[in-house]
Ligand SMILES: Nc1nc2c(c(=O)[nH]1)N[C@H]1C(S)=C(S)[C@@H](COP(=O)(O)OP(=O)(O)OC[C@H]3O[C@@H](n4cnc5c(=O)[nH]c(N)nc54)[C@H](O)[C@@H]3O)O[C@H]1N2
Ligand SMILES: Nc1nc2c(c(=O)[nH]1)N[C@H]1C(S)=C(S)[C@@H](COP(=O)(O)OP(=O)(O)OC[C@H]3O[C@@H](n4cnc5c(=O)[nH]c(N)nc54)[C@H](O)[C@@H]3O)O[C@H]1N2
Ligand SMILES: [Mo]
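Residue numbers (our numbering): 379 to 1065.
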């Protein structure tokens, strides 16, 4: 009948609600409800009900609420493109997948036959990727090709090295457990922008009587509300943490019982911390001595006390030792073993299941290239020279150090550049072949948060735009085309997922069953408490306060402070914190506002700079022209230009990364994004 017929049509045309989980590079792993109409995303909201991820229950950030703008923007790459103009001209012609794959396979094959597999370098970071789309077929492809291996050091390299050195791979305090804390120290972390779901938890802790301390050269939103805000000069967290350690021992506030029972190396740590008196630290960190004293007393007195250690600390020459010293604090002060006490670094890989089994190819022993030194690698490596760069899950022109050099090197005529991307990024514009990639709402992935201790198996919820392919589709096709598939290889997403969970034994099977039933699983049960539910994952189950491995790795030994080389040419420290509107460079195509360089009023006045003036920011590596923003949020001696900006956001097409050296931190090969020194002057006004 007409009525039921209309009803049927109406129902068929109704948008559908589907569940997903946000895999963007942020600790929180939001549980999402996505409205999809005829395969297109029309609305994204936080899923309510809480059971899947209580941390994000019903509440998501603006970036993801508006993610449909990213999916359907003008810059979205719809089909394969082949360069059709001079290198770097940004001119491309449309190609079929078949033609593009033939071109890529034949070029890579020829380079490998002539110069060897090591002439090929895969280039990737985390993107918005989980266990299926980051580590599976792409890694297998490059291992079997015998390509150079990439050491992934943009982020969390120093913090991971430090955490593992002291504690082994264990999770820290679960973010939801911060309600139990009576002191929270936010050290080099800005959750208001980079992981907002901690903020309401902090508010609840505050209401229950917790104190809040922030250690950050900027007055972040939470620093404004803190009981105590220390704004050290960037790169001086190491002397500050060593001073706290020294004072805890000296004042009889160290927990000697805990230290004796559960740690090794305490005497050596104390010896290395000894020179850092309050006065010495205050001078080096450029802090009032009374503030350091206040922090010692507060930290000694309060329990449970938790340090939320961020990523602002690691990105300088002392970064690894600084993180290690900060992570030693809860051990020295006896803050572990209670719910809400201890530290949180990353909670990302502290469980027994992981993506390696999906790769299903042994690790080759080919040469290793540090991704944070890509300019040097492209320019100087020989035998063989890098002749092909295959970029996916990454936008290095916006995110790697020494941008000007990278742009120059990408323009080399004898370098073949393939970029698999969702949108026309600054990197894609410099490619020879651009391949269209799906977004997280258009492909399946197994996603895990590095704050929230959860895993989601999230299927595709929308139809891929244009001819976009997932990473596994692309690298699966390349494996086949280059004859690199072995019998029994897991190839489909189902097979890859099965490989991951089957390898996890009983725990893996339990996770699989939980995922099948709820779409989400808890890899380690209820939030564990270190020294209640588990012990450090070091061989002797103790905390290694002066880890021998870290001590050997750090160029001058662990906890050796390497001062600013100084000099008057570049007196200002440049840092590049995260923007609330982007994730690294992701979503940069949606940003219309131009960038601003934030600087303190005194520094601006000393240079005759007024708010809104165009300035030149420079050092030996390069120059950026931007508008100055005189700000009360930065301390004198520090200037701020956000991370992740695209070239279009400044006045001369270069960003903070053009001022960042390719030097690495003391641990993990970590990039030193917050270790740039610059000078600023008013740009000559052209009339
Ligand atoms: N909205 C949004 N969220 C994000 C991201 C994003 O780009 N945007 N990025 C994601 C990624 S990739 C990461 S790694 C995390 C990063 O998360 P966070 O660590 O919170 O982010 P950052 O802004 O890099 O650094 C945090 C703070 O460190 C401060 N800082 C800089 N140098 C120093 C220093 O030497 N010492 C101290 N004590 N502080 C310093 C900065 O002023 C900044 O406020 O966030 C993730 N979440
Ligand atoms: N100046 C400065 N620079 C920094 C930092 C800093 O503090 N200061 N911080 C660094 C940090 S913390 C990080 S984590 C890095 C991040 O740097 P990148 O790894 O370059 O991360 P994004 O900028 O998010 O770019 C990821 C790109 O991958 C694409 N992508 C996402 N998913 C997929 C997929 O499934 N397949 C394919 N093929 N592509 C996909 C996205 O469209 C996006 O363009 O940046 C670093 N850069
Ligand atoms: Mo990061």
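Note that CB positions come from ideal geometry on N, CA and C, so glycine has one too. Quick caveat, the model's predicted, so the values are computed rather than measured.
Q: Hey, could you find the ends of the beta strand (DSSP E) residue 398 is sitting in?
A: 394-399 is the extent of the beta strand (DSSP E) around residue 398.
Q | 7 angstroms Cβ cutoff met for residue 460 and residue 811 | A | yes
**Q.** For residue 654 and residue 1144, the rounded distance between their alpha carbons
**A.** Nothing can be reported for residue 1144, as the shown portion of the chain is limited to 379 through 1065.
Q. Regarding residue 750 and ligand 1, is the C-beta to nearest heavy atom distance less than 6 angstroms?
A. no
**Q.** Under 7 angstroms between C-beta atoms of residue 524 and residue 403
**A.** no
Q.
Using only the alpha-carbon positions, how far apart do residue 796 and residue 599 sit?
A. About 40 angstroms.
**Q.** Contact check, residue 1028 vs residue 973, beta carbons under 7 angstroms
**A.** yes
Q) What is the DSSP secondary structure of residue 500, reduced to helix, strand or coil? A) Here residue 500 sits in strand by DSSP.
**Q.** Cutoff 7 angstroms: residue 801 Cβ touching any chain C Cβ
**A.** Given the protein chain composition of this structure (a single chain), no chain C is represented.
Q: Give me the Cα-Cα distance between residue 397 and residue 435, rounded to the nearest whole angstrom.
A: 13 angstroms
Q. Are residue 1032 and residue 1000 closer than 7 angstroms when you measure CB to CB?
A. yes
Q. Which of helix, strand or coil does DSSP assign to residue 687?
A. strand
Q.
Let me check you understand the geometry: is the CB of residue 699 closer than 6 angstroms to at least one non-hydrogen atom of ligand 2?
A. no
Q) So what's residue 794 in DSSP terms, helix, strand or just coil? A) strand
Q. Ends of the beta strand (DSSP E) at residue 770?
A. Residues 766-770.
Q. Under three-state DSSP, which class holds residue 775?
A. Three-state DSSP puts residue 775 in a helix.
Q: Might you give, ordered along the chain, the residues of its own chain that have their beta carbon closer than 8 angstroms to the beta carbon of residue 782, omitting 5 neighbours on each side?
A: Taking C-beta separations shorter than 8 angstroms and ignoring five residues to either side along the sequence, the partners of residue 782 in its chain run 999, 1000, 1032 and 1036, following chain order.
**Q.** Proximity test, residue 712 beta-carbon vs ligand 2 heavy atom, cut-off 6 angstroms
**A.** no
Q | Check: residue 533 C-beta below 6 angstroms from any heavy atom of ligand 3 | A | yes
Q) Is the closest heavy atom of ligand 2 to the C-beta of residue 824 under 6 angstroms? A) no
**Q.** In DSSP terms, what residue 922 is bridged to
**A.** Paired residue(s): 642.
**Q.** Proximity test, residue 596 beta-carbon vs ligand 1 heavy atom, cut-off 6 angstroms
**A.** yes
Q: Report back the beta-carbon spacing between residue 411 and residue 423 to the nearest angstrom; my notes put them in contact at under 8 angstroms.
A: With a contact defined as Cβ atoms closer than 8 angstroms, residue 411 and residue 423 qualify at about 5 angstroms.
Q.
Looking at residue 868: is its Cβ nearer than 7 angstroms to the Cβ of residue 877?
A. The answer is yes: Cβ separation under 7 angstroms.
(Q) On the criterion of 16 or more Cβ atoms from any shown chain inside 10 Å, does residue 826 qualify as buried, or is it exposed? (A) buried
Q.
Suppose contacts are defined by Cβ-Cβ distances below 7 angstroms. Is residue 724 in contact with residue 828 by that definition?
A. yes
(Q) Below 8 angstroms on the Cβ atoms is my contact criterion, and I expect residue 766 with residue 485 to pass it. Report the Cβ-Cβ distance as a whole number of Å. (A) 7 angstroms
Q: State the Cα-Cα distance for the pair residue 997 and residue 1039, rounded to the nearest angstrom.
A: 10 angstroms
Q) Does the separation of the CB atoms of residue 905 and residue 681 fall below 7 angstroms? A) no
**Q.** residue 477 - DSSP class collapsed to helix/strand/coil
**A.** helix
(Q) For a test of the three-state rule: what should DSSP assign to residue 567, helix, strand or coil? (A) coil
**Q.** Contact set for residue 571: own chain, Cβ-Cβ below 6 angstroms, skip 5 residues either direction
**A.** 956 and 958
Q) What does a CB cutoff of less than 7 angstroms around residue 703 pick up in its chain, not counting 5 residues either side in sequence? A) 616, 619, 620, 623 and 937
Q | C-alpha distance - residue 476 paired with residue 818, whole-angstrom precision | A | 24 angstroms
Q: Verify the contact flag: residue 798, CB atom, against every heavy atom of ligand 2, threshold strictly below 6 angstroms.
A: Checking every heavy atom of ligand 2 against the Cβ of residue 798, one is found closer than 6 angstroms.
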